[in-house]
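Quick notes on the structure that follows.
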Amino acid sequence: MSSQRSVGGAAAQLAVGALAVGAAGALAWGTVVERNMFTVRNETVPVLQPGSRPVTVLHLSDLHLAPFQTNKQDWVRSLVHLEPDLVVSTGDLLGHEDAIGAIAHTLAPFAHVPGVFVHGSNDYYAPVMKNPFTYFTGPSKQTRELARLDTAELERVLTEDLGWLDLNNKARAIELRGSRFEFFGVNDAHRNWDRLDKLPGNIEELRENVGWQDEEGPEPVTIGVTHAPYQRVLNSFVTHGAELIFAGHTHGGQVNVPGFGALVTNCDLPRDRASGFGVWHHALRTAYLNVSAGLGTSIYAPVRFACKPEAVLLTLTARA
10 MSSQRSVGGA AAQLAVGALA VGAAGALAWG TVVERNMFTV RNETVPVLQP
60 GSRPVTVLHL SDLHLAPFQT NKQDWVRSLV HLEPDLVVST GDLLGHEDAI
110 GAIAHTLAPF AHVPGVFVHG SNDYYAPVMK NPFTYFTGPS KQTRELARLD
160 TAELERVLTE DLGWLDLNNK ARAIELRGSR FEFFGVNDAH RNWDRLDKLP
210 GNIEELRENV GWQDEEGPEP VTIGVTHAPY QRVLNSFVTH GAELIFAGHT
260 HGGQVNVPGF GALVTNCDLP RDRASGFGVW HHALRTAYLN VSAGLGTSIY
310 APVRFACKPE AVLLTLTARA
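When the letters of the sequence shown are read in order and numbered with our numbering, they come out as residues 10 to 329.
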């Protein structure tokens with residue numbers, strides 16, 4: 010009997026040891042390798058008027074950039090070779106108190122490319138260390154005072170240096186390659202800064218003042234932009250006519266289990282929608298939805314597993 014117990018105990022120790030080695034290996038992979046395996050996901054979206062020329066849109070999200078992350082900066086800068094017609098940024102560009110200069114450097118190659126943006130809360134507040142297990146209890150909550158970031162300077166870089174349009178609880182319009190686009194967006198819904206009550210007025214004001222209102226031309230494509238894809242925001246966007254929605258925030262779950270998927274989304278979006286392209290249904294209406302897994306992580310949780318960091322290139326094409 011003692012021999013059997015000894016064998017059983019040794020086997021248990023080996024199993025625990027193997028599990029520990031496997032966990033350490035997975036952590037090392039996610040921390041050192043996968044979080045730097047930047048990739049471009051390609052999607053095709055048939056939303057333009059028949060006969061329209063294609064329009065390419067580069068979706069950037071959740072860079073959480075720190076000044077020492079030079080590999081990420083160089084990789085994002087290289088995306089200019091994709092020659093996008095439009096850049097859509099869905100927030101959380103900043104990941105460090107001294108990241109403004111790094112963001113300006115990273116996005117400088119896109120100064121000639123039209124763009125639109127909304128903010129995430131990390132564009133206002135510096136990151137802090139958190140217990141990662143709290144994400145399993147529901148969307149994260151902030152209970153302590155955080156260091157403020159220079160959001161005004163970030164906005165100056167985006168609007169003045171790059172010429173991009175601010176969609177934080179606003180609506181704007183752009184003409185690209187013969188197509189017309191109406192954009193409306195909200196500030197970070199994760200912090201309840203979204204003003205969905207302002208959407209109808211913003212859209213009405215846009216349509217009353219846009220330059221093409223009295224000209225012949227294609228019907229505009231309506232696009233909604235949000236950082237956090239809470240269902241209330243997606244539903245409201247669909248109700249107000251969005252045909253395509255851009256979102257980020259989820260990091261694609263950041264840590265996925267093969268065969269199971271994302272463990273959390275950090276909002277009320279279902280786990281199986283944590284990232285990727287699909288269709289969002291609400292009240293007998295639909296819109297295409299692209300949720301980016303993002304390009305970064307908090308500097309205090311620098312790990313990705315089965316969830317590569319991504320930018321997304323969407324080619325908008327004519328409807329059949």
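We put the CB at the ideal spot given by N, CA and C, even for glycine. Computed from a predicted structure; not experimentally measured.
Quiz item: Going by other Cβ atoms of all chains shown within 10 Å of its Cβ, with 16 needed for buried, is N201 buried or exposed?
Solution: Counted from its first residue, the sequence shown places residue 201 at position 192. By the neighbour-count rule (16 or more Cβ atoms within 10 Å), N201 is not buried but exposed.
Quiz item: Going straight from the alpha carbon of I212 to that of R189, what length do you get?
Solution: Indexing the sequence shown from 1 puts residue 212 at position 203. Indexing the sequence shown from 1 puts residue 189 at position 180. So the alpha carbons of these two residues sit roughly 15 Å apart.
Exercise. State buried or exposed for D197, treating a residue as buried only when at least 16 other CB atoms are found within 10 Å of its CB.
Key: Translated into the one-based positions of the sequence shown, residue 197 becomes position 188. Its Cβ being crowded by 16 or more others within 10 Å, D197 is buried.
Quiz item: Along the chain, which unbroken stretches of the alpha helix (DSSP H) at least 4 residues long are found entirely within the stretch 86–165?
Solution: With a minimum length of 4 residues, the continuous alpha helix (DSSP H) runs that stay inside the stretch 86–165 are 109–116, 160–165.
Self-check item: Start and end residues, alpha helix (DSSP H) containing E214
Solution: In the sequence shown, counting from the first residue as 1, residue 214 sits at position 205. E214 -> alpha helix (DSSP H) spans 208–218.
Practice problem: Please report how far the alpha carbon of A310 lies from the alpha carbon of L103, in whole angstroms. | Solution: The sequence position of residue 310 within the sequence shown is 301, counting from 1. The sequence position of residue 103 within the sequence shown is 94, counting from 1. For A310 and L103, the gap between their C-alpha atoms comes out near 15 Å.
Exercise. May I ask you to report which of helix, strand or coil DSSP gives D83?
Key: Here residue 83 corresponds to residue number 74 of the sequence shown, with the count starting at 1. Helix, per DSSP.
Quiz item: In chain order, what residues of the same chain lie with their CB nearer than 7 Å to the CB of R44, ignoring the 5 residues before and after it?
Solution: Looking up residue 44 in the sequence shown gives position 35. These residues qualify, in order along the chain: T306, P311, V312, R313, P318.
Quiz item: Under a three-way DSSP split, which group does F190 fall into?
Solution: As a first step, residue 190 is located in the sequence shown; it is residue number 181 there, counting from the start. Strand.
Quiz item: Which residues bound the beta strand (DSSP E) around T65?
Solution: Reading the sequence shown from its first residue, position 56 is the one you call residue 65. Where T65 is concerned, the enclosing beta strand (DSSP E) stretches over 64–69.
Practice problem: Hey, could you find the ends of the alpha helix (DSSP H) L243 is sitting in? | Solution: The residue you call residue 243 lines up with position 234 of the sequence shown. DSSP places L243 in the uninterrupted alpha helix (DSSP H) bounded by 240–248.
Quiz item: Counting Cβ pairs, one atom from each stretch, are 3 or more of them under 8 Å apart for the stretch 251–264 and the stretch 278–288?
Solution: Taking 8 Å as the limit for Cβ pairs, the verdict is that the stretch 278–288 does touch the stretch 251–264.
Quiz item: Can the beta-carbon of F246 be found closer than 8 Å to that of A292?
Solution: Here residue 246 refers to the residue found at position 237 when the sequence shown is read from its first residue. Here residue 292 refers to the residue found at position 283 when the sequence shown is read from its first residue. Cβ distance not < 8 Å, so F246 and A292 don't count as in contact.
Quiz item: Among H249, K179, T160, P123, which residue has its Cα nearest to the Cα of D101?
Solution: For the purposes of this step, residue 101 is identified with residue 92 of the sequence shown, where counting begins at 1. Of H249, K179, T160, P123, the smallest CA-CA separation from D101 is found for T160.
Quiz item: Per DSSP, D175 forms a beta bridge with which residues?
Solution: Along the sequence shown, one-based indexing puts residue 175 at 166. Looking at the DSSP assignment, D175 forms a beta bridge with F126.
Quiz item: Does L322 get closer than 8 Å to chain B when you measure Cβ to Cβ?
Solution: No chain B appears in the structure shown, which is made up of a single protein chain.
Quiz item: Mapping DSSP to helix, strand and coil, what is G287?
Solution: Here residue 287 is taken as the residue at index 278 of the sequence shown, counted from 1. G287 falls in the strand class under three-state DSSP.
Quiz item: What span of residues does the beta strand (DSSP E) with I5 cover, start to end?
Solution: Residue 5 lies beyond the residue range present for the chain, which begins at 10 and ends at 329; the question has no answer from this structure.
Quiz item: First and last residue of the beta strand (DSSP E) that includes G233?
Solution: Working through the sequence shown from its first residue, we reach residue 233 at position 224. Here the beta strand (DSSP E) through G233 covers 230–234.
Practice problem: Please list, in chain order, all residues of the same chain as A180 whose beta carbon is under 6 Å from its beta carbon, the five residues on each side excluded. | Solution: Start at 1 with the first residue of the sequence shown, and residue 180 comes out as number 171. The residues are F193, N211, I212, L215.
Quiz item: For V56, which of A111, L208, S130, V288 has the nearest alpha-carbon?
Solution: For the purposes of this step, residue 56 is identified with residue 47 of the sequence shown, where counting begins at 1. Out of A111, L208, S130, V288, V288 has the C-alpha closest to the C-alpha of V56.
Quiz item: In whole angstroms, what is the alpha-carbon distance linking H199 and A271?
Solution: Working through the sequence shown from its first residue, we reach residue 199 at position 190. Working through the sequence shown from its first residue, we reach residue 271 at position 262. Here the C-alpha atom of H199 lies approximately 19 Å from the C-alpha atom of A271.
Quiz item: Smallest Cα separation from H90: which of A327, F119, Q58, A111?
Solution: Counted from its first residue, the sequence shown places residue 90 at position 81. For the set A327, F119, Q58, A111, the Cα lying nearest the Cα of H90 is the one of F119.
Quiz prompt | Of the listed residues R165, E164, N131, nearest to R157 (C-alpha basis) | solution = In the sequence shown, counting from the first residue as 1, residue 157 sits at position 148. The option with the nearest alpha carbon to R157 is N131.
Quiz item: When you compare each of A302, D83, Q222 to P238 by their alpha carbons, which one comes out closest?
Solution: Here residue 238 refers to the residue found at position 229 of the sequence shown. Of the listed residues, the one whose Cα sits closest to P238 is A302.
Quiz item: Which first and last residues belong to the beta strand (DSSP E) in which T168 is found?
Solution: Along the sequence shown, read from residue 1 onward, the residue named residue 168 stands at position 159. Where T168 is concerned, there is no enclosing beta strand (DSSP E), given that its DSSP letter is neither H nor E.
Practice problem: Check R313 in the structure and name its three-state DSSP category. | Solution: In the sequence shown, residue 313 corresponds to position 304, counting from 1. Residue state, collapsed to three classes: coil.
Exercise. Taking D170 and A113 to be in contact with their CB atoms under 8 Å, please state how far apart those CB atoms are, rounded to whole angstroms.
Key: Within the sequence shown, residue 170 is the residue found at index 161, counting from 1. Within the sequence shown, residue 113 is the residue found at index 104, counting from 1. Yes, they are in contact, since the Cβ atoms of D170 and A113 sit about 6 Å apart, within 8 Å.
Exercise. Could you tell me which residues DSSP puts in a beta bridge with E224?
Key: In the sequence shown, residue 224 corresponds to position 215, counting from 1. DSSP output for E224 lists no bridge partner at all.
Quiz prompt | Assigned exposure category for C316 - 16 Cβ within 10 Å defines buried | solution = Within the sequence shown, numbered from 1, the residue matching residue 316 stands at position 307. Under a 10 Å Cβ-count criterion, C316 is classified as buried, with 16 or more other Cβ atoms of the shown protein chains found around its own Cβ.
Quiz item: At what residues does the beta strand (DSSP E) containing P55 begin and finish?
Solution: Position 46 of the sequence shown holds residue 55. Run containing P55: 48–57, per the beta strand (DSSP E) assignment.
Quiz item: Given a threshold of 16 other Cβ atoms within 10 Å of its Cβ, counted over all protein chains shown, does F77 qualify as buried or as exposed?
Solution: Here residue 77 is taken as the residue at index 68 of the sequence shown, counted from 1. Exposed is the call here.
Quiz prompt | Same chain, Cβ closer than 7 Å to T274, five either side skipped, listed in chain order | solution = Here residue 274 refers to the residue found at position 265 when the sequence shown is read from its first residue. The residues are T259, G262, R280, A283.
Quiz item: Under three-state DSSP, which class holds R328?
Solution: In the sequence shown, residue 328 corresponds to position 319, counting from 1. Correct three-state label for R328: coil.
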